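Participant: I have a structure here, written as structure tokens, and I will follow up with some questions on it.
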Amino acid sequence: MKKEKSIVYFADICVDKIEKNSTLPAKFQRMLKQFKLEERVKDKLVGIKMHFGGGLGYTTIHPLFVKILVDALKEAGAKKIKIMDNDPKSGVIRGYTTEILGCDIVSTFGGTGKYLYKEKISSLFTQEPTNNVIGGVARGCLTGDLKINSAIGLQLLFAADRANHLEKEIIPALAQGTNVITKRYFLSSVAYGSVEINDSDWLWKINDQFILPDLTIVLKISARARMEKMGHNNLELNLFKDEESIQKVWANYESIAKRYPNIIIIDAEKPETEVFEEIKKAVLEIIK
Numbered sequence: 002m003k004k005e006k007s008i009v010y011f012a013d014i015c016v017d018k019i020e021k022n023s024t025l026p027a028k029f030q031r032m033l034k035q036f037k038l039e040e041r042v043k044d045k046l047v048g049i050k051m052h053f054g055g056g057l058g059y060t061t062i063h064p065l066f067v068k069i070l071v072d073a074l075k076e077a078g079a080k081k082i083k084i085m086d087n088d089p090k091s092g093v094i095r096g097y098t099t100e101i102l103g104c105d106i107v108s109t110f111g112g113t114g115k116y117l118y119k120e121k122i123s124s125l126f127t128q129e130p131t132n133n134v135i136g137g138v139a140r141g142c143l144t145g146d147l148k149i150n151s152a153i154g155l156q157l158l159f160a161a162d163r164a165n166h167l168e169k170e171i172i173p174a175l176a177q178g179t180n181v182i183t184k185r186y187f188l189s190s191v192a193y194g195s196v197e198i199n200d201s202d203w204l205w206k207i208n209d210q211f212i213l214p215d216l217t218i219v220l221k222i223s224a225r226a227r228m229e230k231m232g233h234n235n236l237e238l239n240l241f242k243d244e245e246s247i248q249k250v251w252a253n254y255e256s257i258a259k260r261y262p263n264i265i266i267i268d269a270e271k272p273e274t275e276v277f278e279e280i281k282k283a284v285l286e287i288i289k
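No gaps in the numbering here: position 266 of the sequence shown is 267 in the numbering used here, and each next residue is one more.
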């Protein structure tokens, strides 16, 4: 059986005349008449899946166009029309209401949400240096409370703390099916350590027995913005307080990201909501 090619309809958004029939809504109405909607929807239940947006987002379809579509479906004999989004309440401030659109607006998970099943995900949030004895020594070296004159010695402290961290916390948690999220891991040691230690092979070698994460998220931010946002109480900034060194650290992170496929770099100078959504998307792809 020969497959027919799809027919694509479109309307030019340009208005060549200042009159009603030249507007985009009028063009949309004429376009809908080409679809032979009655053959498709008469006496049927019709769902319109939408995204209403959230926060200050406004790149959504104007309610007027949705209303025109709903009216066309009704005229074509649709038995019941429902517009769906994950959270119908988010559409109210944008004008997506039953009164305006002329049909029910429901959650994608059903009117009662019965198709949504919430399941608590067991997670462990941790960080390095840790709060144990070895981690405390490493942290003291970073804050200046303890003195260490050797960059190699500091990296060995990090490695010892990491080995203990894995044995006592991370691996037991993973064995129980718990998701582990750690702030900093051995890739941080390589990125920062390579600024002061020329032998990067040695840095990799003292860390090569540690398990690889399923996902590593690196938040990209300029050296100047990083210093302005975090201040000098940040552990990394106590290690390197000049822009040049921080830029070298970032260059090391970029190089490491090319070495492993499961490292994602996210622009952290974008609005927080956008950064959050990118992080959430990356995490959900791993734990789904």
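The beta carbon of each residue, even a glycine, is placed where N, CA and C say it ideally should be. In this text, all values refer to a predicted model and were calculated from it rather than measured experimentally.
#1: According to DSSP, is residue 274 part of a helix, a strand, or is it coil?
#2: Put residue 159 into one of helix, strand or coil per three-state DSSP.
#3: Would residue 288 pass as a contact of residue 219 if the rule is Cβ separation under 8 Å?
#4: For residue 79, is the classification buried or exposed, using 16 other Cβ atoms within 10 angstroms of its Cβ as the cut-off for buried?
#5: Assuming residue 109 contacts residue 87 (C-beta within less than 8 Å), just tell me the rounded distance between them.
#6: So the beta strand (DSSP E) residue 66 belongs to, where does it begin and stop?
#7: What first and last residue would you give for the beta strand (DSSP E) that runs through residue 128?
#8: Contact check, residue 291 vs residue 180 under 8 Å by CB: the rounded distance?
#9: My assumption, with CB atoms under 8 Å, is that residue 102 sits in contact with residue 84. Please give the rounded CB distance.
#10: Can you tell me the Cα-Cα spacing of residue 174 and residue 122, whole angstroms?
#11: Distance check for residue 28 and residue 12, CA to CA, integer angstroms please.
#12: In the DSSP output, what is residue 107 paired with across the bridge?
#13: Assuming residue 202 is part of the alpha helix (DSSP H), what are its boundary residues?
#14: Going by CA-CA distance only, name the one from 195, 189, 271 that's closest to residue 130.
#15: Determine which residues share a DSSP beta bridge with residue 220 and list them.
#16: Got a sec, what are the start and stop residues for the beta strand (DSSP E) residue 180 sits in?
#17: Using alpha carbons as the reference points, say which of 93, 222, 67, 199 lies closest to residue 82.
#18: Is the separation between the beta-carbon of residue 10 and that of residue 53 shorter than 8 Å?
#19: Who are residue 79's beta bridge partners in DSSP?
#20: Below 8 Å CB to CB, which residues in the same chain sit around residue 69 once its five sequence neighbours on both sides are set aside?
#21: Residue 281 to residue 19, Cα distance in whole Å?
#22: Using 10 angstroms around the beta-carbon of residue 159, count the other beta-carbons present and answer buried if the total reaches 16, otherwise exposed.
#23: Rounded to the nearest angstrom, how far is the Cβ of residue 128 from that of residue 184, given a contact under 8 Å?
#24: Can the beta-carbon of residue 155 be found closer than 8 Å to that of residue 211?
Facilitator: The short version:
#1: helix
#2: helix
#3: No Cβ-Cβ contact shorter than 8 Å links residue 288 with residue 219.
#4: buried
#5: 5 Å
#6: Note, residue 66: premise wrong, no beta strand (DSSP E); alpha helix (DSSP H) at 64-76.
#7: 124-128
#8: Given a span of 2 to 289 for the chain in the structure shown, any question on residue 291 remains unanswerable.
#9: 6 Å
#10: 13 Å
#11: 6 Å
#12: 85
#13: 201-208
#14: 189
#15: 267
#16: 180-184
#17: 67
#18: no
#19: 43
#20: 26, 29, 30, 33
#21: Whole-angstrom Cα-Cα distance: 45 Å.
#22: With 16 or more Cβ atoms within 10 Å of its Cβ, residue 159 is classed as buried.
#23: That belief holds up - the Cβ atoms of residue 128 and residue 184 are roughly 4 Å apart, short of 8 Å.
#24: In this structure, the beta-carbon distance from residue 155 to residue 211 does not fall below 8 Å.
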